[in-house]
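Structure first, then comments.
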Amino acid sequence: MLTGSSGALMMKEVDLSALILHRVGDTLRLFSPIVLLSLALTQPCLAQVDKFDEEWRWVHFTTESGLPSNKVYSVAETPDSIVWAATSEGITWFDGFRWHSLPETSSFYKRTPRMILANTDGSLFVVYDHSLYRCTKDGLIPIPVIGGGGDVGIISIVPASGLGYLVEGGDNKLYLLKDNTFHPFETPLPLAPKGGQPSLYSSGGKRGAWISTSAGLYKWTSAGWKQRFPSQREAPDITGIVELDDGSAIASMGGGRAQLGLWQLNPDGSSRHILSEGGGRVSSMDMDLRGDIFALYESNDIRFYHAGRWNSLAPVPAQLHRTTFITYRTNGDLWVGTERGLYLYRFSSRRWTYWRHPFPGLGNHVSEIIRTRDGSIWLGTLNGLEIHRPDGSVTEVETVNGKRISLITGLCEDKDGAVWASSGHDFEGAYRWDGKSWRYFGSTEGLYGIIHRIRTDRRGRLWFLGIGATADGPQPGAYLYENGVFTHWSTKNGLLNDRVYICDQSNDGALWFGTTGGLSRLKDGKWTQWRSNRELAMGAIFTIAIDSNGRTWFGDRGNGLGYIDENDRPGYIKETDGLLQNFVWDIKTDIRGFLWISTSGGIATYHDGAWSAFSLSSGLNNLRIWPILPVDDRIYVGTDGNGVNILSFEETNRPRPRIGCDEPATDGARALVRWKCLAYWGEIPPDAIQSRYRLDENAWSQWSVRGEARFSGLPAGDHRIQIQAKDLFGNFDTLGAYSAFTIVPPFYARPLFTLPIGLLSSAVLFLGIALLVRKKNHMAAIRESEAKLRMITETTASGMFIIQDSRFKFVNPVMETLTGYGHHELGRFGLNEIVVPAHRDHLKQVGEIEENPDSSPARIEIQLVRKDGESRWVDCALRRIPYEGKPAILGTAFDITDRKNVEGKLLAYQEELRSLASELSLTEERERRRMAAYLHDSIAQALAFAKIKLESFMDATPPSAYNGALTEVHKFINQSIENTQSLTFELSPPVLNELGFEEAVHWLCGQMREQHHLAITFQNDTHPKPMGDDISLVLFNAVREVLVNAAKHSRAQKVIVEIRTNGNSVGVVVEDDGIGFDPKKITERIDKRGGFGLFNIRERLTRMGGELNITTRPGGGSHVELLAPLVPISERPGG
């Protein structure tokens, strides 16, 4: 970066001027002193502009911009400025932001048309195959080419100046299309037949019509057809033709060697073969507004015709590689078609202009820019002074009064119109130009030291801001020039440091000084200081600007954009806040109140909290910039090596970017919104347009190029997001675009859920109250029936007794007979004394029932010892009752000794049956595994191999050869593979053998949860559950059958699966909240749905010593309990 003086770089102050001179010292010796040199600014020549190297002028349109395809083969523009393009997927038109396809176009038209041509009425002529159509935004309308024999079709259509449109029919005759009617049109000779290729051509912008005949090439003129090129053995084969302003034409011809290449066709009928261009074929050719010709060869070589000479374009920009066509717009812009999209090079744009000397011009190193009252722009450069006057002339000043001047860093115009110049390195003091001569001001006049900058205050006084030769040496301070006298200002007057870089005055009259030591302000005679590395970040204050609101801004070349707020508190805006780069070199404000900042990363603008930036991709030709000067409708940017870049504000009034929102995506309380921004005529690439958003009138997001917003934790209801997008200059439409979406409330907050739950709660409350009333009535009835019960107990056939505090309180006569004891004897002890010792543990339930008011009735089988020593089996039913104001146990006892004897014999038979059932189950499982292995290893492998073979055959055979039949076969094989895999799993699920019973059931719950969307809860008491393979297999299949019934038939929402041990048995409980079923149906032997079957479950469990218990009713859910022994029955205690 050219500084013109020493200063702060990064966080450490160094002397930069020595570095600058070291870089250009040798170059200075190459230039001889010139006192005054007046030059005329000229427009950039062909070699400069037509290199297509100004990247910002390129616009790229792709499918992201709306093109139906990136393969673009021609462009036409109608008089109403609508641009149409022909792509491999049909016709499209451009609205200034986005390309649009025709509505409801059939597949016939979704291909490349033969040609397109703009019509004067705003429509478009389109040729598909050999048919002509008129195209509008609403679609295509056929236009029959009516000849002598009806519709003869079309080969080509071209505009003919003063006539209308000439049409080459499919019969190789010429017709005039005028007022929507075709008229035969005479030709000097028949058109040369070319196998469907055109013999009628257009010279483009000149609207000239040309035909190829056996006698040569003819052009239509006001006097009729005129021969411009006689044939040489064969009819001319034209691949492109343009007409020059002098009446001549340049034509590209194919054919034999003698004719192949470019020809110049003169108005007098003579022609010249342009041999310098070789014999290549031109695929596309057009002429710009200056008369220069752009020729694109089929070899992809590019040639330019300018000022009578042909030149190559080197290097060829990437945008011009493998092009399909080129054509100029009426404003001079260039369309370039490729198979990578459509490019536009905007020659017409005046966004940027450049003042630059040929390399290695020292005038390209610019350190200061001012505008004087006569409208001239003065530049301080490494070569001295450069003055650009309003009439376009340029004056360069390299010497003053015989002395060489260079590295001018200070320029200022005083109130009298005189211009002062100083150098931050080359000389002390300053020079003044009064319009006639230069005068030097130095120590004699009271001005000492090197003057870095010169500024005026609001009273018209001049301030000369001095710096020493080195940063750590003596420093001159500042000098005030008023009424012809220099007054010295230094630390003695209140400055923080005598090395002063900049000065400015605010609206309130305060003077601000930027020094190495920090920032100083003199207001109303009082100094305020903001010191470097204390109140401020470390760094010398290099530039100051005061905006229209009175806020002071400063830069220190390292810490971002600083400011002093209304409370005199400093702050910084950095890259993380939107600043382009933290190295700030200059700050200026324009007449609109925009703040302009030059940084090491480009130019940034700031206004009302919005940022915009200009860098290399936006048009700057160098990032090493220092001075900037906003002037009316443009801003001048001085660079170190590339002269002056001038940015025009003409395009600030362009339409703002257009925003298109995709359909928002929601998931629960989350939402994703994406949008795409398109700039007017693509002046900003879509991925570089900055946008911001806000949701439901909340705070705005930061500006970014992301183009999407993600939200989480959103409340239920309707939401709206507003999006704004900035153009190149930071302008945006305050309304922007809107997108709306709805967050659906959770199911439990929806009326469909809350209404039934409310009704159910009310019903439960009503039933609860009714139950309390009934309970009260029942208690009264119980007391009333106690007397009746006493009578019953005396006459019943079963033994009855009441136990309280472990003693018999009442026994009936049958109980006395059963035990052999009288009621007085039984009153001295309880059941514990007359039960065999092995069954005394069963009597714990008696105490539990007596102690627990909510206990349920119990039933136990125990063996009593009569008074005479005989043992008898009894079946006791026990329940808790109140007796004489205290809890007691009411029991009944039936003598079951005879039944027990019979059961003993049955148990032996059952044990044998269980062994047989176990062996049968294991045998069945082995067969299932064998069948599953066979399905997997043989049938599944064979199907997979058949699928691979079929796919190989299909890949090698065109689809038309088998008309979709093999696709059906492929589909059936896929289904067979899936069915085989499913059947293999159903026959022998491997999870049981690999995980064990408990983990297998846990896995099964997970599978059912995923497949049927059931809320399944799995519980396991974690006690060891040793089971044989046969029992675990039967239980696993039984659990699976019950879960399938719950999912498919009971319409359950919630299921609980619980595994628990109960003594020497294991139990599995499956409980659901479904519609239930009729318990009578479980006795059906055949399951009509093909399942395992509840009847089969009960039979298998019974054979293995287990049981199946089902509690259900229609509409009330189901409770299924599966019980199986953990050890064989013969090994159970007492078994």
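Just so we're aligned, residue 111 is where the sequence shown starts under the working numbering, counting upward by one.
For every residue, glycine included, the Cβ atom is placed at its ideal position computed from N, Cα and C.
Taking only three categories from DSSP, how would you classify residue i?
i: Arg483; result: coil
i: Ser184; result: strand
i: Leu1236; result: coil
i: Met901; result: helix
i: Leu156; result: Its pLDDT being 32, under 50, Leu156 is placed unreliably in this model, and the value from its coordinates should be taken loosely. Here Leu156 sits in helix by DSSP.
i: Tyr558; result: coil
i: Gln973; result: strand
i: Gln1085; result: helix
i: Arg343; result: coil
i: Val1249; result: Any answer about residue 1249 is impossible in this case: the structure gives the chain only from 111 up to 1245.
i: Ser386; result: helix
i: Asp696; result: strand
i: Leu178; result: Note on identity: in this sequence residue 178 is Pro, with Leu being the wrong assignment. Note: Pro178 maps to coil in three-state DSSP.
i: Val854; result: coil
i: Lys684; result: coil
i: Glu1168; result: strand
i: Thr291; result: strand
Taking the beta strand (DSSP E) that residue i falls in, what are its first and last residues?
i: Gln65; result: Nothing in the structure corresponds to residue 65, since the chain is present only between 111 and 1245.
i: Gln337; result: 334-340
i: Thr1127; result: 1125-1130
i: Arg989; result: 981-993
i: Ile799; result: Ile799 -> no beta strand (DSSP E), and no H or E assigned at all.
Applying the criterion that 16 or more other CB atoms from any shown protein chain within 10 Å of the CB defines a buried residue, is residue i buried or exposed?
i: Asp806; result: exposed
i: Arg884; result: exposed
i: Pro1224; result: exposed
i: Ile707; result: buried
i: Tyr415; result: buried
i: Phe1082; result: exposed
i: Gly778; result: exposed
i: Asn922; result: buried
i: Thr1007; result: exposed
Output the distance between the C-alpha atoms of residue i and residue j, rounded to the nearest integer angstrom.
i: Arg679; j: His210; result: 54 Å
i: Gln337; j: Leu454; result: 36 Å
i: Gly748; j: Asn410; result: 38 Å
i: Lys954; j: Thr1033; result: 43 Å
i: Ile713; j: Leu726; result: 10 Å
i: Val237; j: Asp248; result: 17 Å
i: His498; j: Leu489; result: 8 Å
i: Ile912; j: Gly1001; result: 6 Å
i: Gln342; j: Asn376; result: 17 Å
i: Val1179; j: Glu1168; result: 5 Å
i: Val984; j: Gly1173; result: 22 Å
With respect to the alpha helix (DSSP H) encompassing residue i, which residues constitute its N-terminal and C-terminal limits?
i: Phe1297; result: Any answer about residue 1297 is impossible in this case: the structure gives the chain only from 111 up to 1245.
i: Thr927; result: 923-929
i: Gly827; result: Segment 827-835 is the beta strand (DSSP E) holding Gly827; no alpha helix (DSSP H) there.
i: Met1064; result: 1051-1066
i: Glu523; result: Careful: Glu523 lies outside any alpha helix (DSSP H), inside the beta strand (DSSP E) at 518-523.
i: Val956; result: 954-961
i: Ala1156; result: 1139-1158
i: His934; result: 933-936
Figure out for me which residue from the options has the closest Cα to the Cα of residue i.
i: Asp544; options: Gly559, Thr927, Ala528; result: Ala528
i: Ile1126; options: Gly1106, Ser895, Val1149; result: Val1149
i: Arg400; options: Asp355, Leu375, Pro425, Leu1060; result: Asp355
i: Arg784; options: Arg816, Ile756, Asp718; result: Arg816
i: Phe457; options: Val169, Gly306, Ala779, Gly930; result: Val169
i: Tyr183; options: Glu214, Trp166, Pro189, Pro223; result: Pro223
i: Gly570; options: Tyr1019, Leu590, Trp335; result: Leu590
i: Ser175; options: Gly418, Cys245, Ile769, Ala345; result: Ile769
Just checking: is the beta-carbon of residue i within a distance shorter than 8 Å of some beta-carbon in chain B?
i: Lys886; result: Among the protein chains of the structure shown there is no chain B, as only one such chain exists.
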